[in-house]
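In my numbering, the protein residues as written are 1485 to 2135. Structure record follows, encoded as structure tokens.
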């Protein structure tokens, strides 16, 4: 269950105030302070105690027994006001609950604390009765005093305990789990689980419902059973993480690593036996919130669908998670043909992290905080961690499928992998290579990726009531193979984009602010006789950002500042007959406008623009042989023309 008391400190304090008002306060005697450590086993009767104790004397002993239940940190300090026994009893309950809250305990643990506190209070009254009995001072008046005092404590505690259960169950706590797995032969396995707990107002008792079902449409073979067991194991670990995170949902900030849903089991998905699965987790809980009580009735949902189509050689993953005001939505459409490429995988992971960082930093004018706030930023990061886990696992699955499928392996080995290695060798080892230049910041990575092609999208949205703040990141890779007149080649596009903007919520006049960044890297190659004869690369980054401010005089938003920036780099290399010909071109343009005055003033802007452009042609080789031998020159020009034509058609 979920700890729901974080937002109820005010209720606990009100309980203490209520108990003070309901208690019959009396002045505290000091004549029995020497008996502060009386206990049933050590009490002795003296001549001084032959007369029956007064109510004040009994209260002194009771107060000592109850005070022993308080921790040092919760005991009152620095005050001349001495608590009555009833106040001490209630303080033991409150201090114990606050200690549990500070330790981030779940509500079932807090209930256990509450029950333990009640038992300890009852024990303190019993100990006081035993002490008085051993002293020969337990008469009718003393029994009546203790009974009345204990009754007052119970009267104060009962509303709190009823409120605790009501707040815990009145809106129902529901846990749901649904899994549907489909085999390649069309058999369907469905597993559902549902647990609900509620509070019955008439009986004042909690109610529990529990149901689980397992259905199989078809007959499963032993190998299908094994494949199903593997999926169930991975899904089970996901469920553990999901419901564990739910138990900390009340926390003001998301605990680190609490919501790390691991999708690594996708890398071992048995495509020979299974074709996919659908998964649904849900929890709903009433009357919960953060430390400020800002949220009531948090619903958590997770939908995941994974399918693998061997005919189209594609694997598709769709994921959506709703947690209160936060929504995470991502999709991955990936080929089943690919190879291992650790360097490129790390590059893509860094690009995803950079996209998230750009979105957060550019969502607000204040560089120290984003428009989402710290808590939602943490949720977004954890959602991206799940996305990266799925991305890595599906890439590993594609590598494994390629190794299984001999045709795919042969095609890949003779195609992209060969060209990728030739390109990598030129970029990293050829001293003549200049490429896109050392100043170019290509977050997508130079060279040809061996990973399976994919199209990915990650979105995060936070519902702020009046409007919805959204952040969307896209990442894709597409590879094509060409072959013509003795030439073979590979062309690959890598793209990344990040966008932040506001969408309509309860109000139509949403802030028109937005941040949009597009990055594209294209590489084309030509190979002849297993040698790289052409390498073309182009990299472009476009940034478009607008920030608005609200003008109350006209009741609408007006532009505050805007930025447009474009950077491009190109490199075209031809390596024919050991003659290196390279053309490099770079350009950068930036236009920025900022409003000079405040809200409601004239539309005066300061404009800043800059532009730069460079070109360079490098020719390295034995050019004399071209001038001295017309046949060699004719052959060189013919091959150069053929390669150029091949590269143009490959674009």
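Think of the CB as a built atom: it goes at the ideal place given N, C-alpha and C, for glycine as much as any other residue.
Can you tell me the Cα-Cα spacing of residue i and residue j, whole angstroms?
{"i": "residue 2124", "j": "residue 2065", "result": "10 Å"}
{"i": "residue 1785", "j": "residue 1813", "result": "12 Å"}
{"i": "residue 1794", "j": "residue 1934", "result": "20 Å"}
{"i": "residue 1639", "j": "residue 1719", "result": "47 Å"}
{"i": "residue 2089", "j": "residue 1903", "result": "51 Å"}
{"i": "residue 1666", "j": "residue 1554", "result": "58 Å"}
{"i": "residue 1802", "j": "residue 1871", "result": "10 Å"}
{"i": "residue 1826", "j": "residue 1940", "result": "18 Å"}
{"i": "residue 1440", "j": "residue 1867", "result": "In this structure the chain extends from 1485 to 2135, so residue 1440 is not present and cannot be described."}
{"i": "residue 1570", "j": "residue 1626", "result": "16 Å"}
{"i": "residue 1765", "j": "residue 2007", "result": "42 Å"}
{"i": "residue 1663", "j": "residue 2070", "result": "53 Å"}
{"i": "residue 1713", "j": "residue 1670", "result": "17 Å"}
{"i": "residue 1983", "j": "residue 1768", "result": "31 Å"}
{"i": "residue 2119", "j": "residue 2129", "result": "15 Å"}
{"i": "residue 1930", "j": "residue 2011", "result": "18 Å"}
{"i": "residue 1763", "j": "residue 1725", "result": "14 Å"}
{"i": "residue 2107", "j": "residue 2060", "result": "12 Å"}
{"i": "residue 2017", "j": "residue 1973", "result": "10 Å"}
{"i": "residue 1622", "j": "residue 1600", "result": "27 Å"}
{"i": "residue 2001", "j": "residue 1993", "result": "24 Å"}
{"i": "residue 2136", "j": "residue 1955", "result": "The requested residue 2136 is not part of the displayed model; the chain covers only 1485 to 2135."}
{"i": "residue 1618", "j": "residue 1605", "result": "20 Å"}
Give the C-beta separation of residue i and residue j to the nearest angstrom, bearing in mind that I take them to be a contact with Cβ-Cβ under 8 Å.
{"i": "residue 2029", "j": "residue 1999", "result": "5 Å"}
{"i": "residue 1957", "j": "residue 1882", "result": "Actually they do not touch by this definition, with Cβ atoms about 21 Å apart."}
{"i": "residue 2077", "j": "residue 2095", "result": "Residue 2077 to residue 2095, Cβ: 16 Å. No contact."}
{"i": "residue 1963", "j": "residue 1900", "result": "6 Å"}
{"i": "residue 1668", "j": "residue 1759", "result": "5 Å"}
{"i": "residue 1757", "j": "residue 1706", "result": "With a Cβ gap of about 10 Å, residue 1757 and residue 1706 do not count as contacting."}
For residue i, which three-state DSSP category applies?
{"i": "residue 2098", "result": "strand"}
{"i": "residue 1928", "result": "coil"}
{"i": "residue 1812", "result": "strand"}
{"i": "residue 1671", "result": "coil"}
{"i": "residue 1611", "result": "helix"}
{"i": "residue 1830", "result": "helix"}
{"i": "residue 1853", "result": "coil"}
{"i": "residue 2126", "result": "helix"}
{"i": "residue 1867", "result": "helix"}
{"i": "residue 2033", "result": "strand"}
{"i": "residue 1971", "result": "strand"}
{"i": "residue 1824", "result": "coil"}
{"i": "residue 1518", "result": "Bear in mind that a pLDDT of 31 at residue 1518, under 50, signals an unreliable position, so the number given afterwards is only what the model happens to contain. Of the three classes helix, strand and coil, the one that applies to residue 1518 here is helix, per DSSP."}
{"i": "residue 1706", "result": "helix"}
{"i": "residue 1510", "result": "Bear in mind that a pLDDT of 32 at residue 1510, under 50, signals an unreliable position, so the number given afterwards is only what the model happens to contain. Correct three-state label for residue 1510: coil."}
Could you tell me if residue i is buried or exposed, where buried requires 16 or more neighbouring beta carbons within 10 angstroms of its beta carbon?
{"i": "residue 1971", "result": "buried"}
{"i": "residue 1697", "result": "exposed"}
{"i": "residue 2132", "result": "exposed"}
{"i": "residue 1672", "result": "exposed"}
{"i": "residue 1847", "result": "buried"}
{"i": "residue 1547", "result": "buried"}
{"i": "residue 2058", "result": "buried"}
{"i": "residue 1427", "result": "With the chain covering 1485 to 2135 only, the question about residue 1427 has no answer from this structure."}
{"i": "residue 1842", "result": "buried"}
{"i": "residue 2101", "result": "exposed"}
{"i": "residue 1875", "result": "buried"}
{"i": "residue 1942", "result": "buried"}
{"i": "residue 2122", "result": "exposed"}
{"i": "residue 1624", "result": "exposed"}
{"i": "residue 1634", "result": "buried"}
For residue i, which option in the options has the closest C-alpha, if you only look at C-alpha atoms?
{"i": "residue 1610", "options": "1630, 1979, 1597", "result": "1630"}
{"i": "residue 2054", "options": "2040, 2063, 2020", "result": "2020"}
{"i": "residue 1817", "options": "1755, 1859, 1959", "result": "1959"}
{"i": "residue 2024", "options": "2040, 1978, 2105", "result": "1978"}
{"i": "residue 2080", "options": "1574, 1943, 1836, 2033", "result": "2033"}
{"i": "residue 1752", "options": "1726, 1783, 1724, 1790", "result": "1790"}
{"i": "residue 2005", "options": "2117, 2041, 1920, 1993", "result": "1920"}
{"i": "residue 1755", "options": "1727, 1783, 1711", "result": "1711"}
{"i": "residue 1716", "options": "1961, 1676, 1702", "result": "1676"}
{"i": "residue 1783", "options": "1809, 2121, 2105, 2134", "result": "1809"}
{"i": "residue 1614", "options": "1707, 1549, 1792, 1910", "result": "1549"}
{"i": "residue 1986", "options": "1602, 1952, 1824, 1911", "result": "1952"}
Do residue i and the ligand ZN come close, with the Cβ less than 7 Å from some heavy atom?
{"i": "residue 1950", "result": "Ligands displayed in this structure: none; no statement on the ligand ZN is therefore possible."}
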